[in-house]
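Undergrad: For the first sequence, the numbering used here gives the first residue as 462, with consecutive numbering after it.
I have a structure I would like to understand better, so I am pasting it below and will then ask my questions one at a time.
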Amino acid sequence: MGMPELPEVETIKRELAELIRNKKIKSVDINLAKQVKAPKAKFLKLVQGQKITAVRRRAKMLIFDLQNGWHLVFHLKMTGQLIYRDRSGKLAGGGHPIKYGDVKDKKSGAKMGSLDSARDKLLINLPNKYSHVIFNFHDGSRLFFNDLRQFGWVKLVDKEELNKIDKEFGVEPLEKEFTFEKFKELLLKKKGKVIKPLLMEQDSIAGVGNIYAQEACFCAGIVPNRRVKDISNAELKELYDCLIRILKLAVEKKGTSADNYVDAFGRQGNMIEYLKVYDRSGEKCPRCRNIIKSMKQGSRTTAYCPKCQR
DNA sequence: CGGAGTGTTAGTCG
DNA sequence: CCGACTAACACTCC
């Protein structure tokens, strides 16, 4: 559970933009070829020696612009990580200790990110057995593409292919063009559909996944299996406001680390303590103290409060 | 020890 | 076109 959605990828993007923009890729180690969606020789030829001119995000994808006009596109899927380390191989950011999220695991009570867990220990050892692609920069710093479950990928695309990918995705919910009118128009095009899974359809609204779709529904007081046609205009406005507010807060908190996600420094995000229903089935609703329930929608879990959400 | 659960997305099938 | 389902994978939880 807990995968990079828009806020997590946005966090990595902002950090990497500072860390690797204008750096030159000296070499790339491809340890697991299937995660690189290009012939290896072509990939190495077009990537090695190139300067990264920009780091961008589209939906849940990270894009590195290369000086030669090609682009690296990353999708982290569920357990992908992009972690930067300077030439010392230790902590980025001037040698200060990593400030991990001060978040307690609600099951064990142990502080997450306290370097107690095996995963945390793996994390400070880079490369580790999940470091499937490694970018080595000219200054000795490195970028590790780790992926436990190996669903993530990096593609090498030209401008035309990038445009094609871009067109497959919908509106960016934190951009100006995501107005309430646009939101309504998108939803009402599919008014027979169930709201929560619809919020996650990438070709309508880009970047919303299972966590933030659940949270938006809770915030708006809408039960996640309502059909769009049964939701009033006032409720849709509430949902729209909630979605934007939650995504912005999540970016501010550097994302949700429910499981594998860490930012470009290898730090956990701090959003989990602001989540109201996600992974809280069986706990008390923070609003009405009734018990939070969960249901399956498609193959994914949705948690909701049966009293607060109608 | 073993089976279920975890979630993103492409793909298949009816 | 649509929904339902599965595969890809590895680890955790019960």
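Cβ atoms here follow ideal geometry from the backbone N, Cα and C, with glycine treated the same way.
This structure is a prediction, so every number in the text was calculated from the model and none was measured.
Roughly how many angstroms separate the alpha carbons of K651 and F596, rounded to a whole number?
TA: Answer to the nearest angstrom: the Cα atoms are 42 angstroms apart.
Undergrad: Below 8 angstroms on the Cβ atoms is my guess for V516 versus L477; work out the distance and round it to an integer in Å.
TA: 5 angstroms between Cβ atoms; contact.
Undergrad: Under the three-state reduction of DSSP, which class applies to Q758: helix, strand or coil?
TA: DSSP places Q758 in strand when its eight states are reduced to three.
Undergrad: How about A711: is its Cβ closer than 7 angstroms to a heavy atom in the ligand COA?
TA: For the ligand COA, the structure offers nothing, since it holds no ligand at all.
Undergrad: Looking at L617: is its Cβ nearer than 8 angstroms to the Cβ of I481?
TA: No, the Cβ-Cβ distance between L617 and I481 is not below 8 angstroms.
Undergrad: I need the straight-line Cα distance from P658 to L700, nearest angstrom please.
TA: Each residue's alpha carbon lies about 14 angstroms from the other.
Undergrad: Out of curiosity, what's the CA-to-CA distance linking A571 and P747?
TA: Since pLDDT at A571 reaches only 42, below the 50 mark, its modelled position is unreliable, and the value read off the structure follows with that caveat. About 22 angstroms.
Undergrad: In whole angstroms, give me the CA-to-CA distance for A520 and L635.
TA: Going from the Cα of A520 to the Cα of L635 covers about 10 angstroms.
Undergrad: With DSSP as the reference, label Y591 as helix, strand or coil.
TA: DSSP places Y591 in coil when its eight states are reduced to three.
Undergrad: Please confirm whether E469 and T717 have their CB atoms less than 8 angstroms apart.
TA: In this structure, T717 lies closer than 8 angstroms to E469 by Cβ.
Undergrad: Output the distance between the C-alpha atoms of Q758 and K487, rounded to the nearest integer angstrom.
TA: Computed Cα separation, rounded: 46 angstroms.
Undergrad: Roughly how many angstroms lie between the CA atoms of L576 and P465, to the nearest whole one?
TA: Unreliable placement is indicated for L576, whose pLDDT of 44 sits below 50; the coordinate value is still reported in the next sentence. Using only the alpha carbons, I get a separation of about 21 angstroms.
Undergrad: For P685, which option in F598, C766, L505 has the closest C-alpha, if you only look at C-alpha atoms?
TA: Per the Cα distances, C766.
Undergrad: Does the beta-carbon distance from A725 to I544 come in below 8 angstroms?
TA: Closer than 8 angstroms, so yes.
Undergrad: Do the stretch 489 to 497 and the stretch 609 to 626 meet, that is, are 3 or more Cβ pairs less than 8 angstroms apart?
TA: Output reads yes: the stretch 609 to 626 touches the stretch 489 to 497.
Undergrad: Between which two residues does the alpha helix (DSSP H) harbouring V470 extend?
TA: Unbroken alpha helix (DSSP H) run through V470: 467 to 481.
Undergrad: Only counting the same chain, and skipping five residues up and downstream in sequence, which positions put a Cβ closer than 6 angstroms to that of R449?
TA: The displayed coordinates of the chain run from 462 to 771. Any statement about residue 449 would go beyond what the structure contains.
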